[in-house]
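Step one of this worksheet: look at the structure below.
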Amino acid sequence: MSTILSEFNPSFKTHQSKPNEPKSTMFTCLSCQVAFPNSEKQRNHYRTDWHKYNLKRKIANLSSVNAEQFAQKVLAQQQQGREEQEKQGLIYECPLCKKSYYSENGYNNHIQSKKHLELEQKADEEAERDDLEDTVMMDDTTSPTRQAKPTDPLTDCLFCNQSNQDINTNLQHMSKAHGFFLPDIEYLKDSQGLIKYLSNKIQLEKLCLYCNGRGKEWQSAAAARAHMLDRGHCKMAYDESEDPEQLLKFYDFGIEDEAEPMDVDEDKVNSDELVLENGMKLGHRKFLKYYKRNQARKTLVSEADEAQQQQQDQPETLRRKEKRHLAITDGKEQEIQRTAEGIKETAKKQDFARQLAFKQNNNQLLRARIQNPI
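And the structure:
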């Protein structure tokens, strides 16, 4: 026993028993590796946090700590608790998103969120755009006699300040960078005139090509471009808001003169369908869903008729020989018989379960009446 105590606490060697001296009893704590002169101090030690902490470390297969190390850990924990308590009184605000957070973790998660990063990027772009506009205004005020650089709508991009070599390169740039395209290009006969027409709408009328006067009015062409870039309106308003007379100047939707007129039988013309000479029917687009439904029904009927015709065309002797060779039937009669038998068996099981439940209920009620007579 004295050898074990001396290994955990070297100072205990002075208290180990000697045969020629009077014996002295020491009370030890193996978890904390300390010794006490009496049992009362040992019991008081067992109630301390130091002893409880070393017991938990012993369960986790960790080495024990002495009193000085435990005191340092307690001070560090108290300091951390005071810092957290001070942080609880702080309010973290995000001026960009106009939100407040009462914890540092919540604020850090918001700073790293996708929505905050998008707003931050958008704010930086707006700040750069404002700086650019301020620079342009300062240049205009400092040199009023200087004229702006003339723009060529055929080679200059409609949405940014990039200049290209020719109109084809310009169209490729606008398609890749801004997603712009010319609708119905197969009927377009004057692409240069259409590009100039769109450029005049931006430069002179200060309009968004897609809103086409239906939204907010812009004070400058730069503001209209910024709106189209931000909202993804880098496309034509190819709808009823566009003037058809203006578009017909650049498009040719007519039929060639050499095409012969088609003779249509007046008896085959009605209000909903037009029957051609070859038997093809032309209908209105509002009945498209009904045409699709009829087409699907006709397809199913034709497939069923074809399968039945193939079965009829097959010789009866061949069908019998195949069935005899495979020792099988079509299975329809067996399936019907199996289903009917299953229904009857299920009905019998349900009837038996119902009768059994009634009997059990009556037995319980009778037992209750016998035990507790009315």
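For the sequence shown, the working numbering gives the first residue as 29, with consecutive numbering after it.
All C-beta atoms, glycine included, are put in the ideal place defined by N, C-alpha and C.
Just so you know, these numbers come straight off a predicted model, no measurement behind them.
**Message:** What would DSSP say about Asp258, mapped onto helix, strand or coil?
**Reply:** Here Asp258 carries a helix assignment [DSSP, helix/strand/coil].
**Prompt:** Is the beta carbon of Glu301 less than 8 Å from the beta carbon of Lys314?
**Reply:** No; because the gap between Cβ atoms is not below 8 Å, this pair is not in contact.
**Item:** Burial state of Asn306 (16 or more Cβ within 10 Å)
**Value:** Here Asn306 is exposed: its Cβ has fewer than 16 other Cβ atoms, across all protein chains shown, within 10 Å.
**Prompt:** Nearest to Leu124 by CA position, among Gln105, Leu118, His144, Gly221, is which residue?
**Reply:** For the set Gln105, Leu118, His144, Gly221, the Cα lying nearest the Cα of Leu124 is the one of His144.
**Asked** Where do the N-terminal and C-terminal ends of the beta strand (DSSP E) with Glu270 fall, by residue?
**Response** No beta strand (DSSP E) holds Glu270; DSSP gives it neither H nor E.
**Item:** Secondary structure of Leu304, DSSP reduced to three states
**Value:** The three-state secondary structure of Leu304, taken from DSSP, is coil.
**Item:** Which of helix, strand or coil DSSP assigns to Glu148
**Value:** If DSSP states are grouped into helix, strand and coil, Glu148 belongs with the helices.
**Given Glu112 as reference, the closest of His206, Tyr120, Glu132 once Cα atoms are compared** = Taking only the C-alpha atoms, the option nearest Glu112 is Glu132.
**Asked** I think Ile195 touches Thr183, with their Cβ atoms under 8 Å apart; what is that distance to the nearest whole Å?
**Response** About 7 Å separates the two Cβ atoms, so the contact holds.
**From Val62, Asn66, Gln61, residue whose alpha carbon lies closest to that of His53** = Per the sequence presented here, residue 53 reads as Thr, with His not at that position. Proximity to Thr53 across Val62, Asn66, Gln61 peaks at Asn66, based on C-alpha coordinates.
**Asked** When the Cα atoms are used, what is the spatial distance from Leu186 to Ile230?
**Response** Rounded to whole angstroms, Leu186 to Ile230 spans 8 Å at the Cα level.
**Message:** To the nearest angstrom, how far is the alpha carbon of Lys244 from that of Glu114?
**Reply:** When rounded, the distance between both Cα atoms is 49 Å.
**Message:** Which same chain residues end up closer than 7 Å to Ala254 when comparing Cβ atoms and leaving out the 5 residues on each side of it in sequence?
**Reply:** So the list reads Arg157, once near-sequence residues are dropped.
**Request:** Compare the Cα-Cα distances from Tyr279 to each of Met264, Asn240, Pro211 and report the closest residue.
**Result:** Scanning Met264, Asn240, Pro211 for the CA closest to the CA of Tyr279 turns up Pro211.
**Prompt:** Closest by CA to Arg242, which one among Gln107, Leu222, Ala265?
**Reply:** Ranking Gln107, Leu222, Ala265 by Cα distance to Arg242 puts Ala265 first.
**Request:** Pull up the distance between the alpha-carbon of Gln383 and that of Ala368, whole angstroms please.
**Result:** For Gln383 and Ala368, the distance between alpha carbons rounds to 23 Å.
**Asked** Helix, strand or coil for Leu218 per DSSP?
**Response** Here residue 218 turns out to be Asp, not Leu, going by the sequence shown. Coil at Asp218, not helix or strand.
**Request:** Give the DSSP bridge partners of Leu310, in chain order.
**Result:** Answer is Leu302, bridged to Leu310.
**Asked** For the candidate residues Leu199, Ala205, Leu237, whose alpha-carbon lies nearest to that of Gln220?
**Response** Of the listed residues, the one whose Cα sits closest to Gln220 is Leu199.
**Prompt:** Exposed or buried, which one is Ile213 when buried takes at least 16 other CB atoms within 10 Å?
**Reply:** With fewer than 16 Cβ atoms within 10 Å of its Cβ, Ile213 is classed as exposed.
**Asked** Tell me which same chain residues have a C-beta within less than 8 Å of the C-beta of Lys224, skipping the five on either side of it?
**Response** In the same chain as Lys224, and ignoring 5 residues on each side of it, the C-beta atoms closer than 8 Å to its own belong to Pro181, Leu182, in chain order.
**Member of Met256, Leu222, Tyr215 whose CA lies at the smallest distance from the CA of Leu235** = Closest option to Leu235, Cα to Cα, is Met256.
**Message:** With H, G and I counted as helix, E and B as strand and the rest as coil, what does DSSP make of Lys436?
**Reply:** Outside the displayed span of the chain (29 to 402) sits residue 436, for which this structure offers no information.
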